[in-house]
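Chemist: Reminder that position 309 of the sequence shown reads as 309 in the UniProt record's numbering, one-by-one numbering, no gaps. For glycine and all other residues, C-beta sits at the position ideal for the given N, C-alpha and C.
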Amino acid sequence: MKAQLLLRHRTYCSSIPPTANAKITHISRIGQIHEARKLFDSCDSKSVSSWNSMVAGYFVNRMPRDAQLLFDEMPERNIISWNGLKQGVRPTFPTLISVLSVCASLASLHHGKQVHAQLGIIMWNSIVSGYTSHGLGEEALNIFYEMPLSGSTKPNEVTFIATLSACSYAGMVEEGLKLFESMESVFGVKPITAHYACMVDMLGRAGQLDEAMEMIDSMTVEPDAAVWGSLLGACRTHSQLDLAEFCAKKLIEIERENSGTYILLSNIYASQGRWADVAELRKLMTTSYALHDVDEEEKVNSLNYHSERLAVAYALLKLPEGVPIRVMKNLRVCRDCHTAIK
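1. Given a cut-off of 7 Å on the beta-carbon distance, is the pair Asp224 and Thr193 in contact?
2. Determine, using beta carbons only, whether Gly137 and Met172 come nearer to each other than 7 Å.
3. Tell me whether Asp201 is buried or exposed, calling it buried when 16 or more other Cβ atoms sit within 10 Å of its Cβ.
4. Residue range of the alpha helix (DSSP H) that Asp72 falls in?
5. Give me the Cβ distance between Ala140 and Val158, rounded to the nearest whole Å; I'm assuming they're in contact under 8 Å.
6. Please report the distance separating the alpha-carbon of Phe160 from that of Pro191.
7. Within 10 angstroms of its Cβ, does Val221 collect 16 or more other Cβ (buried), or is it exposed?
8. Can you tell me whether Gln272 is buried or exposed, with buried defined as 16 or more other CB within 10 angstroms of its CB?
9. Could you check how far apart the C-beta atoms of Ser53 and Ile24 are, in whole angstroms? I think they sit under 8 Å.
10. Quick check on Cys334: does DSSP put it in helix, strand or coil?
11. Report the three-state DSSP secondary structure of His134 (helix, strand or coil).
12. With distances taken between CB atoms, is the gap from Thr163 to Phe187 smaller than 7 Å?
13. Buried or exposed: where does Trp124 fall if 16 or more other Cβ atoms within 10 Å of its Cβ makes it buried?
14. Please tell me whether, using a cut-off of 6 Å, the distance from the CB of Val221 to the nearest non-hydrogen atom of the ligand SAH is below it.
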């Protein structure tokens with residue numbers, strides 16, 4: 001029966017190639033991929049369509065390796081051949097993000113739009129961020145306004161951070177203000193500190209320091225280090241010493257351990273020739289971690305929680321008498337712990 005079927009198929013191949021291609025496709029789809037290959041091999045004259053049908057058949061039966069090998073043997077290929085090669089192989093989400101990141105780093109609008117055939121909020125955000133990183137503010141803003149027109153994607157918090165940053169880098173203050181005002185009223189996105197930091201940075205770059213301070217005063221959330229840091233950088237650029245001191249004090253309250261704030265304020269003092277203030281600030285840097293006015297009882301209690309003391313106490317409770325106790329740590333033992341252990 002199979003011989004008769006193969007002979008009949010061979011007749012189809014010899015006389016009516018389109019019919020043979022249809023047979024190959026049909027046999028492949030019902031799971032008889034080996035019979036389809038026999039039919040394909042029996043054809044005297046194989047057209048490009050015949051090769052394409054067989055390659056597609058392998059993919060239908062989840063045999064990508066065989067499809068690749070057959071594709072490599074093809075004497076001629078067309079657009080259907082290349083599409084057939086990728087049939088059934090769908091890009092994963094991380095793949096799309098990686099490709100889009102490359103497009104963004106190269107500022108390749110053409111390829112970025114091709115990748116955008118797979119649309120999603122993260123894809124939109126990635127391309128906006130790509131334009132932003134290259135200082136292409138108008139292009140980033142245009143992409144932002146295309147999002148609502150797509151009908152399926154709405155901007156989120158990350159979208160606004162990227163777009164407001166683009167307005168800041170490109171000096172588009174008016175556009176940035178309009179965009180910020182529309183966040184909650186039009187798009188239903190409530191501003192967070194990151195959005196305010198972008199706005200303060202944008203106004204600061206434009207030299208509108210009073211407006212930047214008004215923006216901070218109007219915040220519905222507590223300003224963080226990013227907000228004050230943006231304003232402090234603008235104060236240095238535009239030589240606003242009094243406001244810079246105010247911002248620096250706010251930053252020191254939030255991040256006492258951040259040496260960058262001390263250095264930036266010191267440079268501002270130096271640019272104004274205030275060397276006494278520079279010396280005082282450097283002194284503050286060297287003593288900012290010292291403890292002052294701590295009660296003796298509080299000192300004793302705080303030392304009780306040192307890890308080496310706890311380790312020794314645990315060992316004394318668990319180990320037999322006379323067994324050596326070894327405590328390993330990556331930092332030097334403090335003087336109080338060393339004295340207590342002795």
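Modeler: By the coordinates alone:
1. Looking up residue 224 in the sequence shown gives position 224. Looking up residue 193 in the sequence shown gives position 193. Result yes, Cβ atoms of Asp224 and Thr193 sit closer than 7 Å.
2. Position 137 of the sequence shown holds residue 137. Position 172 of the sequence shown holds residue 172. For Gly137 and Met172, yes; Cβs fall inside 7 Å.
3. Locating residue 201 in the sequence shown gives position 201, where the first residue counts as 1. With 16 or more Cβ atoms within 10 Å of its Cβ, Asp201 is classed as buried.
4. As a first step, residue 72 must be located in the sequence shown, where it is residue number 72. Per DSSP, Asp72 belongs to the alpha helix (DSSP H) from Pro64 to Glu73.
5. Walking along the sequence shown from the start, residue 140 turns up at place 140. Walking along the sequence shown from the start, residue 158 turns up at place 158. About 13 Å separates the two Cβ atoms, so there is no contact after all.
6. On the sequence shown, residue 160 is found 160 positions in, with the first residue counted as 1. On the sequence shown, residue 191 is found 191 positions in, with the first residue counted as 1. Going by the C-alpha atoms only, they are around 9 Å apart.
7. As a first step, residue 221 must be located in the sequence shown, where it is residue number 221. Exposed, since its Cβ has fewer than 16 Cβ neighbours within 10 Å.
8. In the sequence shown, the residue the question calls residue 272 occupies position 272. Gln272 comes out exposed.
9. Against the sequence shown, residue 53 aligns to sequence position 53. Against the sequence shown, residue 24 aligns to sequence position 24. Between Ile24 and Ser53 the Cβ distance is about 4 Å, and since that is below 8 Å, they are a contact.
10. Within the sequence shown, residue 334 is the residue found at index 334, counting from 1. DSSP places Cys334 in coil when its eight states are reduced to three.
11. Position 134 of the sequence shown, counted from the start, is the residue given in the question as residue 134. Coil.
12. For this step, residue 163 is matched to residue 163 along the sequence shown. For this step, residue 187 is matched to residue 187 along the sequence shown. No.
13. Within the sequence shown, numbered from 1, the residue matching residue 124 stands at position 124. With 16 or more other Cβ atoms within 10 Å, it is buried.
14. This structure does not include the ligand SAH; it has no bound ligands of any sort.
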